[in-house]
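Beneath this line is the structure, given in structure tokens, with notes to follow.
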Amino acid sequence: MSAPNKSYDPVEVEALKPEQIERMRDEALAAFAAADSLDALQEAKVAHTGGTSPLALANREIGALPPHAKADAGKRVGQARGAVNKGLAARQTELEAERDARVLVEEAVDVTLPHDRVPAGARHPLTTLSERIEDIFVAMGYEVAEGPEAEAEWFNFDALNIGPDHPARGEADTFFVATASDSGSAAGSGGTGSGVVLRTHTSPVQIRSALDRELPVYVICPGRVYRTDELDATHTPVFHQVELLAIDEGLTMADLKGTLDHMVQSLFGAEMKTRLRPNFFPFTEPSAEMDMLCYVCRGASVGNPDRPCRTCSSEGWIELGGCGMVNPRVLTACGVDPEKYSGFAFGFGIERMLMFRHNVEDMRDMVEGDVRFTRPFGMEI
Ligand code: DAH
61 MSAPNKSYDP
71 VEVEALKPEQ
81 IERMRDEALA
91 AFAAADSLDA
101 LQEAKVAHTG
111 GTSPLALANR
121 EIGALPPHAK
131 ADAGKRVGQA
141 RGAVNKGLAA
151 RQTELEAERD
161 ARVLVEEAVD
171 VTLPHDRVPA
181 GARHPLTTLS
191 ERIEDIFVAM
201 GYEVAEGPEA
211 EAEWFNFDAL
221 NIGPDHPARG
231 EADTFFVATA
241 SDSGSAAGSG
251 GTGSGVVLRT
261 HTSPVQIRSA
271 LDRELPVYVI
281 CPGRVYRTDE
291 LDATHTPVFH
301 QVELLAIDEG
311 LTMADLKGTL
321 DHMVQSLFGA
331 EMKTRLRPNF
341 FPFTEPSAEM
351 DMLCYVCRGA
361 SVGNPDRPCR
371 TCSSEGWIEL
381 GGCGMVNPRV
391 LTACGVDPEK
401 YSGFAFGFGI
411 ERMLMFRHNV
421 EDMRDMVEGD
431 VRFTRPFGME
441 I
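Following this note's numbering, the numbering of the sequence shown begins with 61 at its first residue and continues without gaps.
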């Protein structure tokens, strides 16, 4: 910076010469034009408009000029700085527009692409159907009860009035669980002597519920059960049942019938109904086989060869499972006074219901765990 000088001639001050100011302006404009990014422009801005830029330094020289020379020099520098600022703003706008256009292309998000490349699974229809059935009963005040799958023979058979000679206890049907002390030889009428079986039905949960709970008892018991069947189109050694048990004062067959009707109406539609056919189960007396109206033909196929129904084989009814009034011997085994209390129960297989509800023709599809089978059932929650 030059020192103040009384006989100062602005034209003689190098930095304030018109050609110097023009050069500074042109260099600034050239630097802005050459800046190919906003960062580069920022650097050029500091270099050419900042406090130590040539034009700012020249500006400072003006203060040292004699008054008559200030106006001229001030105008020259002011105009140059104005042009520089304008050029800077124009280049800034240009580069921002370029950046915005680039970001739109580079950072574009294709919202039509799948958001997640990990394929979603699907809930198994056996699970959703079983939960649906539970919900129907929970809404009526029932509790969901569970029991072990490796079950004591006493719960699975004896307490249910299935005596030692009952065919269901034989090896033909039942998986007996060996303990470490078993040498593998079967004891008695089948069995290993361990006293433990893989439960053959969900009925033992009736016993556990009646023993564990205060009366009255209203429970629904879904679960996995086991029988020594080969896996084929209509059999599987592992399947699912739902068991229901109600014990209260004054329960009758009419309560059982009303409960069954309500269940099939909730599952299949308001015009559905059930019918009971006499049958025998050791744990109920009287016992019945329960059928529900065929939900496809609603009975219209019966005696009507023009409208055959594949679902019910034109019988009008579909067999669902077993039911009855709890045998007083079973109540007694659970410590319930059969003079004061009565109960009703039913049990049926979920696989079977899924088969006719959704026309599943091969049991194996249900056990293989292929998501292509489960997905079409939708995401019922
Ligand atoms: N436990 C029977 C079975 O697996 C089904 C059954 C029949 C359950 C009658 C019941 C019932 O609760 O009352 O074949």
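The C-beta atom is built at its ideal place from N, Cα and C for all residues, glycine as well. Just so we're clear, the structure is a prediction, and the values are computed from it rather than from any experiment.
Regarding residue i and the ligand DAH, is the C-beta to nearest heavy atom distance less than 6 Å?
| i | result |
| --- | --- |
| H418 | no |
| H295 | no |
| F406 | yes |
| H261 | yes |
| F236 | no |
| T334 | no |
| R376 | Residue identity differs from the one stated: residue 376 is Gly in this sequence, not Arg. Answer for G376: no, Cβ out of range of the ligand DAH. |
| F299 | no |
| G382 | yes |
| F341 | yes |
| T312 | no |
| T344 | yes |
Helix or strand or just coil, what does DSSP make of residue i?
| i | result |
| --- | --- |
| H42 | Coverage of the chain is limited to positions 61 through 441, which leaves residue 42 absent and any answer about it impossible. |
| T334 | strand |
| D397 | coil |
| A212 | strand |
| S374 | coil |
| P436 | helix |
| F235 | coil |
| E103 | helix |
| V420 | coil |
In the DSSP assignment, the alpha helix (DSSP H) including residue i goes from what residue to what residue?
| i | result |
| --- | --- |
| S269 | 264-272 |
| D351 | Here D351 belongs to no alpha helix (DSSP H); instead the beta strand (DSSP E) covers 344-353. |
| M323 | 313-328 |
| R287 | Element bounds for R287: n/a, residue is neither H nor E. |
| D132 | 127-166 |
| I122 | 114-123 |
| I222 | Where I222 is concerned, there is no enclosing alpha helix (DSSP H), given that its DSSP letter is neither H nor E. |
| L89 | 78-94 |
| F197 | 185-198 |
| V427 | 424-427 |
Report, in whole angstroms, the separation of the C-beta atoms of residue i and residue j, which I expect to be a contact under 8 Å.
| i | j | result |
| --- | --- | --- |
| G407 | H295 | Actually they are not in contact, since the Cβ atoms of G407 and H295 sit about 18 Å apart, beyond 8 Å. |
| A133 | I122 | 5 Å |
| T344 | C383 | 7 Å |
| A212 | G255 | 6 Å |
| M350 | G376 | Not really, about 15 Å apart at Cβ, beyond 8 Å. |
Applying the criterion that 16 or more other CB atoms from any shown protein chain within 10 Å of the CB defines a buried residue, is residue i buried or exposed?
| i | result |
| --- | --- |
| M426 | buried |
| F404 | buried |
| T234 | buried |
| H128 | exposed |
| T239 | exposed |
| A247 | Confidence is the limiting factor: at A247 the pLDDT is only 45, short of 50, which leaves the residue's position unreliable and the question unanswerable from this model. |
| S263 | buried |
| N419 | exposed |
| A314 | exposed |
Assuming residue i is part of the beta strand (DSSP E), what are its boundary residues?
| i | result |
| --- | --- |
| M385 | 377-386 |
| V73 | First-last for V73: undefined, no H or E at that position. |
| A402 | Just to set this straight, residue 402 is Ser in the shown sequence, not Ala. Per DSSP, S402 belongs to the beta strand (DSSP E) from 402-409. |
| D308 | 298-308 |
| V256 | 256-258 |
Between residue i and chain D, is any beta-carbon pair separated by less than 7 Å?
| i | result |
| --- | --- |
| R159 | Of the protein chains in the structure, only one exists, and it is not chain D. |
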